[in-house]
Each structure stands twice: as C-alpha cells, then as structure tokens.
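In what follows, a single structure is set out as structure tokens and then discussed.
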Amino acid sequence: MSIPTPLTVALVGNPNVGKTTLFNQLTGLQQRVANFPGVTVERKSGSLTHSPHIEIVDLPGTYSLTPRSLDEQIAYEVLVGRRGKSPDLVVCVVDAGNLERNLYVVSQVIDIGLRVIIALNMTDAAEENGLIVDVSTLENELCVPVVPMVASKGEGVDHLIEKILNHGDQAQPYRWTLMDAVDAKIPDLTNILTEEAPQVKPEHKRMEVLRALAEDEALDGWRPQSPNFVKRIEELRQEFTDRGVAWKHAEISGRYAWLGQIVNKSVERVRGPATMSDRIDSVLTHKFFGPLLFVIILAGIFQAVFSWATPAMDLIESGVSAIATAIQSVLPPSWATDLLTDGVITGVGNVVVFFPQILLLFFFLGLMEDTGYMARTAFIMDRVMKRVGLSGGSVLPLLSSYACAIPGIMAARTLDSERDRLITIMIAPLMSCSARLPVYTLFIAAFIPAGAFFGILGYQGLTMFSMYIMGTVMAFVAAAILKRFIFKGPDSYFVMELPPYRRPRLRQVFVRMIQRTKVFALRAGKIILGCSIVLWFLASYPKVDSTAEINQAIIEAEQQRDTTLAQALVSNTDVNLNTLNDSVATKDKSLEHQQVIAQQNDQDHQSVIDSLIIIQQSAQIRGSAIGHLGRILEPVMQPLGFDWKISAGLISAFAAREVIISTLSIIYSVEEDEEGVALRDAILADQYPDGRPVFTPLVALSLLVFFVFALQCMSTLAIARRETNTWKWPIVMWLYMTGLAYLASLLVYQGGLFLGFS
Amino acid sequence: MTLQDLQPGESGKILEFESSVRSERLMEMGMLPGVIVKVVRFAPLGDPIDLRVQGYHLSIRRDQAAKIHVSKCES
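Protein chains in written order, with this note's numbering: chain A, 1 to 758; chain B, 759 to 833.
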C-alpha cells in the first residue's frame, strides 16, 4: 500500500555509523548547514536528489533518546516534535557489525510512534568480520523495512530511496517486556501525566514516564508543572528500592533483552572476527610506540600545514595587495576608494589568508576522524587531560590551535560534554598560533643574542620554545580554574567508543573540509569585515596634513643629494658635469630638475617617491585615532615598558596579530622587507626624548609575553561567538586573556627592572 | 572484585554498578549486568581502559571501572 509521500525524513543513528555519508549520498551536495535555533548543534538538511519536495534532515549522532548530551537532546526534541513538526519518516542508520547496540535507539524511535526504515549500513565490514545478517528475519522481527547497504560505495542507496518513496505503516510500539513490577505502575503514572501535562501527545506518554522514572534530569524538568507526577515517581523510586526492584535500568534491560533475541535469530556468525583493527591498535595504542607515533603523526601534520600553507598564504597576500593596487589605479582617489582598498579588501584579505591553514587542518582532522584515529588520540591523552579536568577529546582541538585557533575552536564540536567544549574553546587561543610567529621572530631576532648554552641550546630558539610552553602551561592552568570556579559540577566522565579503523573516504573528507571552511568564511566573515572597517577608520581619521613633513623630507633629501653630487664632482666621475653644475647652481625644483635626477638614476627617483609615501603614511597614523589612542594608553602601558607607538601597534594588531609589524613599519617610516631588517634597525635606534632607548631587551621580552597571552584576533572572537551562540563567552575570553597578558607583562618588566635588567 | 582489577586479556561478567557511577549511559551502550566484558588493554599512561563489549571497543576510565562489580571469567 502506498501512503502520501512524506515531506521530512530524519536520519537517526549512533555516531560513526556512516550517517553523514548516507546523507551526502541522498542529497548530493545541495545541503544547507545551519544551527538549530538557540543552540550550536548543526542542522544539516537537503532535498532528496530528484525529489525536491522531500527534505532530509541529518540529526546529530545519538546512542539513545534519553538525552545525555546536547546533541542527543536536540535529536530527541526533533523526533518528538518540540522543534517544529515531527518528521514524517525516520531512516535509522545502523552498523550491521554491531546490531544490538545500534538497534537500541531504533527501538526507542519505533516506540514514540514514528515510521521507521532501517538502513543496515556497512554490511561489507560486517561480513569481513564474519557476521551475516538475515535481512528478512530482521524485517519480520522488528516489523520495519530493512535495506542492506554500503553507503560509502553507494550500494543500496537507490533501494533505500525507493523505500522512502513507498514506505509502509508504522510498526507497533512497545513490543519488549518491561519488568512486571514497574509495568504495573505505568497506567497510574500515565493518568497523572494526562491530568497535569495535557500537552504531551498520547504516543509519547509512556516514554516520558519511563524517562522521568530513570533520569533525575528528566524528573526535574517536570517539577514546576507537574508536582503530583514528580511526587508519585519519587514515592515509587523509594518503594522499588525497598523492594529491591532495579527501577533505574528497567527500560534498558527490557529493550536489550528483546533486541538480544532478535539479533540471535537474524545474525549468523560464520567465523571469528577479523583482527586487523585490533592489530593496528596494538601498535598505535602501544605503551611506547603509541605516544611516539602520536607525536610523529602530529609533527608530520604540522610540518605539512606550515610548509604547504606558507606559499599559498604568500600568494594570497600578494594577490590581495595586487587587487587593491589595481582598484586604486582605476578608481579616482577618494576616501571611498581608500575604504574599499585599505578597509574592505585588506580586511577580507586578513580572513582569506587563513584559508590555506584552515583547509589543511580541517583536511587532516577529517582524515583522523574518518580513519578512527581521532578516538585513539583521546584514548592516549585522556590521562593527561584528566589532570586539568578535561578529557582526551580536547587534545586535538587544542593541538590544532597551535596552527590556528579557528579550526581548533570548531573542532571542539566533537566533544560530548558541553562543559568540556566551552572550556576547550576558552583556552584554545592560549596555544601560540602561527600568527604570533612573525612577531616572535622579529623581536627575538632583534633582542635575544645569538649565542647558545653549551654550544647547542641557542638562546633564540630557547626563547621561542619558552613562548610556546608558557602559552600551553597557562592554558592548562586556565582550564583548571575555569573548571573549578566557572563551569562547576561533577568531573567529566569518559565513555567513548573506539570505532574500528577504516580506510578514509577522501571524498567525504573533502566535503567536510569545504563545509567547515565555509562556516568560518560566511559566519565569522561578516564580523571580521565589520571590525576591519572600524579599524580602517581608526587608522585613517582624522586626516593629517602631512605637507610639512614632506617638505621637510624633500629639503633633507636634496641637501643629501647635493652633498652626494658635490662629492661626485670632486671625485671627477663620469657624470655629465654641465647638467650637474646647472642643477646645483640654480637649485631648480622644476620638473626639469626632477628629470635630470631621474635620468641620472631611475631607481633613485623611485625610492624618493616611495620614501615620501611612507613619510606621509607615518604622519597619518601618528595623527590618526589609533595614534591618539596609543598616546592615551601610553600611561597605562608604560608600566609594561610600552611607549605610545607600541600601544598603537597593539591596537591595530587586533585585526590580526601580525599586523603590528606593518603598523610599526609605517610608524617608523621604514619599508617592510621580508626579513624585517629595516624595522629591526629602526626600533633598535629609537629613543625617548631623554635619550633612553625605547626598545630594550626587557621591553621586547615584555612585549613577547604580552603576545603569548593576549587575544588579539578578531577572527577568533568571531568564531567563538558563533560556536557559543552568545557574545558572553568571547567577551569573557578577551577580558581574561588581556588581563593575563597585562599582568604577565607587568611582572616581566617590573620584575626585570627590580632585578637590575634593562 | 571490580572491573578495575582485571588485567589486559582477562574477562569478567558484570554483576552490578555502584550507584555513584553514571550507569545508564554505560548500560545503554551494552554494559548490562550479565554481559561479559573483556579488558583489551590499558592506555599508554595506564588510564583509560580499552574494553571489548558486545563485539565493539569501548573506552572508560579506571575510576569508573572501579565502580563496576564483576566476577572473573576463567579461561
């Protein structure tokens, strides 16, 4: 019989059963990724290929409909219709190699009265493990259609679509046996619930009663509305406990007993399980080789991310400035053109420049997820993370943050515990990311001597290393503090499946990599663009009249040139004497004179223009709002050893940390070069009016420490805003990290002065 | 004895959970009283434990394992 075509189809299943793979197969790449309203759980939906009127929704992976994590809570709410209409049909994706546990949630979905089709996935892997599932027996026992498939190869997908289009009736719910003692009390409880909570649909009542009986959290949820229901259940729990009735797991045992029989009838074990995965594990989680390989794999990934991303980043940077220059040459010079080129395009460039790293990191993270290695990293490192109140699941998000906090913060999604996820997000930016590297390099090269302890441990390398250690140690301290004072509660527990190793499906890894990067680009992009424009205004206004500086510079330049020319005359070189005599004699500032000089040396002419531009920019930033803010902040920053120029640089570095280098270059009127040699010489030469040097090794150290701790990255704030769904946590994050940076720098500078360093 | 007392390679039958452990999640994942659990290995730092239960690998911490009473299976 044919029932009217369903409109929404939900995909439900345990984690790691190929649900997302199947979702991609069903929808093609026409997917919409959004968040469920009010939470950060992703809602992925798309139209069934060739049937645009059928919407497929991929629900978060769940072991049970009794929610124990935010993901499971959302899956539950969608299925019972608390987030819009209940789905018309549920496709339960189950792993054929592990039927009993996978069918647990299926039995719950059947019991809330939804139509179910079972996608019996990964039948190939099950057969490799010696398990043969008799599909028709399984269908008859469960009374729902079962479609065997290998979603990763596309096998069985057409059959499933056919079943979706022509699915049958819903199966009869509650065919498992609840222990008599508990079962006898259900009607009474259902009646109380009907009186006190009439909004609960009849088909959900039994489920709500069972949940409230077994779960304190669920029971608490009824307290405000249904006092009698709560009271009755509390009495019953006491009564059961007194009589020795195992009320807490009555439902779980009942379901498993039923499912155990079904699985016994429909699954045949033809031979022992394959041991390939176990053998891989005996190496990858080996006492000695496990951690060693973990370090080698990570080092390889980081090496790849840095060495592959750097050329692409350079290309993007030069591409962005080429576009800006091209636009400047086409459009008439005006503030709007400047806004477009220096504000918008540079701002977008600041985001796009992260793409190579983010894409690569997401690729490797996806690869680790897909192969099953991700769970092993958590297994290996859990002991370490437990120390600071986190679990092994935080390891990869935090390690990714050494390259860039953005993918790290997004990777925290894989954590079950919402609290662990928030703490991980809050500490991820303390890991020294790659944007800090140019800053570290500049100041270490300028101020740390090149010598070495015992001839091998170079001071410079050691300083660099200690920057990373400082950030990491502080991240752990922050985690422990957050856990103890902000996110209170019982210790995080750790129940994690170690899925069998699988050959990675590159297509899936690529699709996920693109999806995640898109989320960053689109969601965080808007906030970043806004910040870039604000920073541009701060650096460009109020406008400064730099004529005086330029005239001064021209006079100086000419005096210098005249001296050079005079020297040239004296030394009787092959310069055209007549021309020189003319120009020196008349001091003609006309075009002719310029041409003469230009002919004499084209490069010389160009460098005059360049240095005039730099002088103009320098005057502009000194007089701009950022320059003024730098001066306003100077008294506050002086205890850290920072003058107004460094303070202004720190403000501008909020766009992205490495921006401080270009800002300082502009302030010091030096051309930015690859090695930062010119800037290094300029900052070394800078003095306060009383002749003290502005930059001393101690100031540099204080600045380095500031960069280790301070959260100067609008992209991180933007992504934290998106991932926590509130401005609260990004603001707290910024405040605590900036406070930490200030205190640490204060300690370093004042402590250093006290100890007699300078 | 508890699950924590088993050495890698040894199996035990689950008897009961102490009330302080979050037993519901473990049970939903197949760790029910009466089910046989094998300790496959300890993590490199000694914690957590890799268990084989219902044909798949589940990892829990030692302090949780210490609250699961088992009877050791011979052989």
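Backbone N, C-alpha and C define an ideal beta-carbon position, used for all residues, glycine too.
In this text the structure is predicted, and so the values were computed from the model without any measurement.
- The three-state secondary structure of residue 84 of chain A, taken from DSSP, is coil.
- Between residue 539 of chain A and residue 621 of chain A, the gap from beta carbon to beta carbon is short of 7 angstroms.
- Considering only beta carbons, no part of the stretch 477–490 of chain A lies closer than 7 angstroms to chain B.
- Within the stretch 812–827 of chain B, those residues whose Cβ lies closer than 7 angstroms to any Cβ of chain A are, in chain order, 812, 813, 814, 815, 816, 817, 818, 819 and 822.
- Looking at A:710, A:706 and A:721, the one whose alpha-carbon comes closest to that of residue 528 of chain A is A:721.
- Residue pairing from DSSP places residue 31 of chain A in a beta bridge opposite A:46.
- Between residue 805 of chain B and residue 815 of chain B, the CB-CB gap reaches or exceeds 7 angstroms.
- The DSSP-derived three-state label of residue 178 of chain A is coil.
- The Cβ neighbour count for residue 217 of chain A, taken over all protein chains shown within 10 Å, is under 16; the residue is labelled exposed.
- Counting only runs of at least 4 residues, the stretch 608–676 of chain A fully encloses the following alpha helix (DSSP H) elements, listed from N- to C-terminal order: 625–637, 644–652 and 659–667.
- If the five residues before and after residue 799 of chain B are omitted, its C-beta is found closer than 7 angstroms to the C-beta atoms of 766 and 808, all from its own chain and listed in chain order.
- Contact between the stretch 733–753 of chain A and the stretch 779–789 of chain B is absent: fewer than three C-beta pairs spanning the two stretches fall below 8 angstroms.
- DSSP places residue 471 of chain A inside the alpha helix (DSSP H), whose first and last residues are 459–481.
- Taking all protein chains in view, the Cβ of residue 429 of chain A is crowded by 16 or more other Cβ atoms within 10 Å, so the residue is classified as buried.
- In the three-state reduction of the DSSP assignment, residue 383 of chain A falls in the helix class, which pools H, G and I.
- Annotated three-state conformation of residue 456 of chain A is coil, per DSSP.
- Counting along the chain, the unbroken alpha helix (DSSP H) around residue 104 of chain A starts and ends at 99–111.
- Rounded to whole angstroms, the separation of the alpha carbons of residue 108 of chain A and residue 65 of chain A is 7 angstroms.
- Closest by C-alpha distance to residue 37 of chain A, out of A:200, A:82 and A:113, is A:82.
- With fewer than 16 neighbouring CB atoms inside 10 Å of its own CB, residue 451 of chain A falls in the exposed class.
- Taking 7 angstroms as the cut-off, the Cβ atoms of residue 716 of chain A and residue 405 of chain A count as close.
- Look at residue 788 of chain B: its C-beta is under 7 angstroms from a C-beta on chain A.
- Cβ atoms of residue 631 of chain A and residue 644 of chain A come within 8 angstroms of each other, at about 4 angstroms.
- Shown here, residue 831 of chain B sits in a strand according to DSSP, grouped into three states.
- For residue 766 of chain B, there are no C-beta contacts with chain A under 7 angstroms, since the nearest C-beta of that chain is about 10 angstroms from it.
- Contact with chain A is found for residue 803 of chain B, since one of that chain's Cβ atoms lies less than 7 angstroms from the residue's Cβ.
- Interface with chain A (7 angstroms Cβ-Cβ cutoff): residue 759 of chain B is excluded.
- By the neighbour-count criterion, in which 16 or more other beta carbons inside 10 Å mark a residue as buried, residue 637 of chain A falls on the buried side.
- The contact set of residue 782 of chain B on chain A, defined by CB atoms closer than 8 angstroms, consists of 66, 68, 214, 215, 248, 249 and 252 in chain order.
- From the listed residues A:375, A:14, A:447 and A:181, the smallest Cα separation to residue 681 of chain A is found for A:447.
- Between residue 87 of chain A and residue 10 of chain A, the C-beta gap is smaller than 7 angstroms, which places the two residues in contact.
- The Cβ of residue 128 of chain A sits no closer than 7 angstroms to any Cβ of chain B.
- Neighbours of residue 808 of chain B in chain A, taken as residues at a C-beta separation under 9 angstroms, are given in chain order as 281, 285, 379 and 498.
- Put simply, of A:334, A:505 and A:322 the residue whose alpha carbon is nearest the alpha carbon of residue 363 of chain A is A:505.
- For the pair residue 381 of chain A and residue 61 of chain A, the Cα-to-Cα distance works out to about 23 angstroms.
- For the stretch 83–107 of chain A, the beta-carbon criterion of a distance under 8 angstroms to any beta-carbon of chain B is satisfied by 97, 98, 100, 101 and 104.
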